[in-house]
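These notes are about the structure you will find just below.
Number of protein chains: 2
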Amino acid sequence: MDVLEAEALKVYIRRGAADIEALLERALDVSDEMTPEVLCAAQRYALIAPGKRLRGVTVLACAEMLRGDRVKALPFAAAVELVHTSSLILDDLPSMDDATLRRGKTTLHRVHGEANAILAAVSLLTKGFEHVRSSSRALACLARAIGDDGLIGGQVADLEADGSVLELDRLEYIHAHKTGALFIASAELGALAAGASERDLERVRIYAKNLGLAFQITDDVLDVVGDPAVTGKDAGTDRDRTTFVDVCGVEGSHRLVDELIDAACGSIATLGKRAATLRALAEMVRRRDR
Amino acid sequence: MDVLEAEALKVYIRRGAADIEALLERALDVSDEMTPEVLCAAQRYALIAPGKRLRGVTVLACAEMLRGDRVKALPFAAAVELVHTSSLILDDLPSMDDATLRRGKTTLHRVHGEANAILAAVSLLTKGFEHVRSSSRALACLARAIGDDGLIGGQVADLEADGSVLELDRLEYIHAHKTGALFIASAELGALAAGASERDLERVRIYAKNLGLAFQITDDVLDVVGDPAVTGKDAGTDRDRTTFVDVCGVEGSHRLVDELIDAACGSIATLGKRAATLRALAEMVRRRDR
């Protein structure tokens, strides 16, 4: 099976991230000179930060695998990155994780205050919706990934669970929603941009579901063993929460990730060479914490 | 000029509010039994509360004036009410107005906690976007009313101004964005649902711009002279802010409202009898604080 070499994948990701970031820059353009400066500064601070743009790159890779037009997929890629950044700002708030560090920088509310952070997050989310307005189906897909059955449902469940030992189905619910939902939407949006068949949509959905969960597990492992200088966020902030490491241990988590990555790659196996980029992305997630 | 009698307007508003609330109820339906109960309860608490649904009714009245289909306009009416409720939740947060009372009830964050209030607000906003997904133009219109050039821009400017004496252009900026933007979007969405001409779109835009500002001024007056049992929110919370009453006095505010309501009615004068409902709505706003 064809898998892009690590170096080729790096180039692919860098190019994708650059294209997405060009759109994000345009999304930050200010048309009215009376718009409060702090609102613009806050959005820029959170949005333009080091990152692989993994969700956005997933949009592009899915679209290109399914012979879609990269130019049509780019706004959708920008949309998921806008939404992702918005959700990180909210997760970090004092009333939620009360985090100090994100993407290697002081968290937004500690720089620009809580109210501005909340309002910047909502504005970024709004910009995310604007970027999918060309397609009713894409908008429904993005909305589902955000709302009660997506990021927000997962975040509320996560906060509710704080400090208590979780049943496995609750832990899976939290991660499927906090992390999985936006990965799945990314893959779907790429497929929708390519005008994919229902069968191909289902394939990338399964790919992304497995990839998202694997990503979350590697996150849990990194939170235990990772260096904040590398992860760019506070270490051990999940201390009070049930994590996959608590349930499966580090070795068990690695085995679970292996299974999920194999399942992700299996779901797109019939696409052969065209799936090389998605396979390489999955392998990169597998190696994140090793 | 035809103006609906007060009683006929009350009936129109009650019927519109009931139709809109039927859609809001459906928007609160939960499809997944694992969705955290508190998330559903928080959204219901804030959304289903006494209120005239003035913005939603404006959508319907504009659509019907321009011979649009009420059924097509209803989701847009629900959208502006979802967005309006979302913005009220955020305005009331401890990091913003720190309000205790809204729509005659304890504010959401004091009942369900700050994190749940923020997340419920974002979920309601997301549902608002879902309700306009049939039209790319409607979505752009709603997004503009929310983002940097709308509610959020106005709210950031308002918080920034807290405690300082404002220039008149800054005061106008704040109100045009915090209140005006969603009124204008309501009128535009009604016109879009009716497939209106650009000329009619411009007419209802001018109507709503004047109505929104008049509404804000009556709000300022009510905040000084109003009874919390009637207004349903804390009295005198705007004490530290420059209000229209500070700048123009109560009498001057009344005169300004008269001018704005006359301008609102003037913009739709050529529509004759068909504009009777919008004229009656404007007259109702004129009398709010008298």
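As you go down the protein sequences, you meet chains A and B in turn. Per the working numbering, residue 20 is the first one in the first sequence, and the count goes up by one each step. Per the working numbering, residue 20 is the first one in the second sequence, and the count goes up by one each step. Cβ coordinates follow ideal geometry from the N, Cα and C atoms, glycine included.
Taking the Cα positions, A:Ala295 is about 21 Å away from A:Glu217.
Secondary structure of B:Lys228 (DSSP, three-state): helix. In this structure, the beta-carbon distance from A:Asp111 to A:Thr125 does not fall below 8 Å.
Within 10 angstroms of the beta-carbon of B:Thr289 lie fewer than 16 other beta-carbons, which makes it exposed. Nearest C-alpha to A:Gly123 among A:Asp277, A:Thr250 and A:Arg274: A:Thr250. When CB distances to chain B are screened at a threshold of 7 Å, not a single residue of the stretch 72-106 of chain A falls below it. Under the 8 Å Cβ criterion, the stretch 208-215 of chain A does not count as touching the stretch 168-187 of chain A, having fewer than three qualifying pairs.
Apart from the 5 residues on each side of it in sequence, B:Lys146 sits with its Cβ closer than 7 Å to the Cβ of Ala46 and Leu101 in its chain, given in chain order.
Listed along chain B is no residue with a C-beta nearer than 9 Å to that of A:Gly214; the closest approach is about 17 Å.
Between B:Tyr64 and chain A, the shortest Cβ-Cβ separation is not below 8 Å. Interface annotation, A:Met53: in contact with chain B, CB-CB separation under 8 Å.
The C-beta separation of B:Asp177 from B:Ile193 comes to about 5 Å, placing the pair in contact by the 8 Å criterion. Looking at the backbone, the Cα of A:Gly132 and that of A:Lys252 are separated by about 19 Å. When DSSP assignments are scanned along the stretch 127-167 of chain B, the uninterrupted stretches of alpha helix (DSSP H) that are 4 or more residues long and fall wholly within it turn out to be 127-131, 133-149 and 155-165. Contact with chain A is found for B:Thr145, since one of that chain's Cβ atoms lies less than 8 Å from the residue's Cβ. Secondary structure in the stretch 48-92 of chain A: no beta strand (DSSP E) run of 3 residues or longer lies completely within the stretch. When Cβ-Cβ separations below 8 Å define contact, A:Gly199 makes no contact with chain B. At least one beta carbon of chain B lies nearer than 8 Å to the beta carbon of A:Arg152. Here A:Arg274 is not bridged, per DSSP, to any residue. Residues of the stretch 167-186 of chain A with a Cβ closer than 7 Å to any Cβ of chain B, in chain order: Asp167, Asp168, Ile171, Gly172, Gln174, Val175, Ala176, Leu178 and Glu179. By the rule that beta-carbons nearer than 8 Å mark a contact, A:Ala159 touches chain B.
Taking C-alpha positions only, A:Ile171 is separated from A:Leu201 by approximately 11 Å.
Put simply, the backbone Cα of B:Leu144 is about 15 Å away from that of A:Arg152.
Checking the DSSP bridge columns, you'll see A:Arg121 partnered with A:Lys124.
Counted as a single uninterrupted DSSP element, the alpha helix (DSSP H) harbouring A:Thr296 occupies residues Ala295 to Arg306. Contact between the stretch 279-288 of chain B and the stretch 217-237 of chain B is present: three or more C-beta pairs spanning the two stretches fall below 8 Å. Listed in chain order, the alpha helix (DSSP H) elements of length 4 or more contained wholly in the stretch 190-230 of chain B are 200-212.
Our two residues, A:Ala159 and B:Arg309, have alpha carbons roughly 45 Å apart in a direct line. The beta-carbon distance between A:Asn135 and B:Val240, rounded to whole angstroms, is 29 Å. This is too long to meet the 8 Å contact definition.
Collapsing the DSSP output to three states places A:Glu24 in coil.
Chain A places no beta carbon closer than 8 Å to that of B:Leu127, leaving this residue out of the contacts. Within chain A, the C-beta atoms nearer than 7 Å to that of B:Tyr192 come from Met53, in chain order. Of all residues in the stretch 223-241 of chain B, none places a beta-carbon less than 7 Å from a beta-carbon of chain A. Nearest to B:Leu279 by C-alpha distance, out of B:Ala157, B:Thr262 and B:Leu230, is B:Leu230. One finds nothing in chain A with a Cβ atom closer than 9 Å to the Cβ of B:Val269; even the nearest lies about 28 Å away.
For B:Leu43, not one C-beta of chain A is nearer than 8 Å to its own C-beta.
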